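In our numbering, the protein residues as written are 100 to 363. For glycine and all other residues, C-beta sits at the position ideal for the given N, C-alpha and C. Computed from a predicted structure; not experimentally measured.
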């Protein structure tokens with residue numbers, strides 16, 4: 100299939116998925132399910148996009164490798180989010196919409212639907228990498244797999260460290276600044292972004308202009324995580340709940356990319 104056809108198919112599939120997420124969130128009165136549906140849906144749909152990407156029979160291994168990347172990404176993130184959404188009060192972002200929006204269902208629809216074109220943009224990188232014509236896996240594929248593995252492990256470790264910190268009653272009201280969180284204020288976001296770097300590592304080739312599309316996913320994810328739906332709302336909430344302790348943490352620790360912490 101041609102790249103444009105696949106991306107349009109991804110857009111359609113994810114639009115249906117996000118409408119279902121919107122309806123389910125309204126039914127159970129918890130907008131956080133939007134994130135769960137998006138995670139599982141994006142992983143599954145982009146895995147399918149990689150498999151059907153135009154290619155030769157001999158580059159099937161690469162397409163399957165990329166499909167595995169996407170399935171692992173969607174399952175890890177979805178299985179991490181689902182228990183949090185189902186077992187805790189509604190996320191503060193969605194609760195704020197519920198409390199302040201004049202028409203909450205319509206507001207949530209406009210929050211949910213844009214996530215479908217976001218997945219379609221990510222599909223550009225996934226499919227462009229899957230269409231790399233080299234017939235068999237090589238060193239670049241191995242390096243991409245290594246980066247992807249580091250990203251999955253890093254994100255899992257960061258989430259586990261945060262879960263353990265929050266589970267200790269002695270840490271109530273404190274700010275985590277140990278482990279990976281001593282080097283980045285958002286190591287989970289950093290490693291989530293790092294996983295999307297696997298695609299340009301695998302397939303970027305100036306001689307193939309279409310391969311420049313492999314840069315779209317890391318650029319989009321960095322913009323979303325760093326400036327839109329990731330860091331800004333979370334840090335705003337932390338400043339309200341932790342005050343000066345979090346301001347001190349901001350002064351000492353890098354916001355996104357892991358760097359040695361500054362002296363207090």
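Leaving aside the five residues that flank residue 196 on each side, the residues in its chain whose CB is nearer than 8 Å to its CB run, in chain order, 130, 203, 206, 207 and 210. Here residue 223 is near residue 312, since their CB atoms are less than 7 Å apart. Judged by DSSP in its simplified three-state form, residue 310 adopts helix. Straight across, the Cα-Cα distance linking residue 124 with residue 132 is about 6 Å. In the displayed model, residue 254 falls within a helix according to three-state DSSP. The residue from 294, 182, 296 and 249 with its alpha-carbon nearest to that of residue 136 is 182. Residue 115 is classed as exposed because its beta carbon has fewer than 16 other beta carbons within 10 Å across all chains shown.
Your pair residue 148 and residue 225 checks out as a contact, with CB atoms roughly 6 Å apart and the cut at 8 Å.
Taking a cut-off of 8 Å for Cβ pairs, the segment 271-290 and the segment 244-258 touch, as three or more such pairs fall below it.
Residues 293, 296, 297 and 300 of the same chain have their beta carbon placed closer than 7 Å to that of residue 246, with the five preceding and five following residues left out of the count.
Residue 248 and residue 171 have their C-alpha atoms some 10 Å from each other. The beta carbon of residue 165 is closer than 7 Å to those of 149, 225, 228 and 229 in its chain, skipping five residues each way along the sequence. Between the segment 275-283 and the segment 322-331 there are fewer than three inter-stretch CB-CB distances shorter than 8 Å, so the stretches are not counted as touching.
Taking C-alpha positions only, residue 358 is separated from residue 126 by approximately 43 Å. Annotation: residue 218 to residue 180 spans about 18 Å, alpha carbon to alpha carbon. Spatial neighbours of residue 352 in its own chain (CB-CB distance under 6 Å, excluding positions within 5 residues in sequence) are listed in chain order as 284 and 360. Per DSSP, reduced to three states, the secondary structure at residue 300 is helical. Between residue 158 and residue 232 a beta carbon distance of about 7 Å is seen, short of the 8 Å cut, so the two are scored as contacting.
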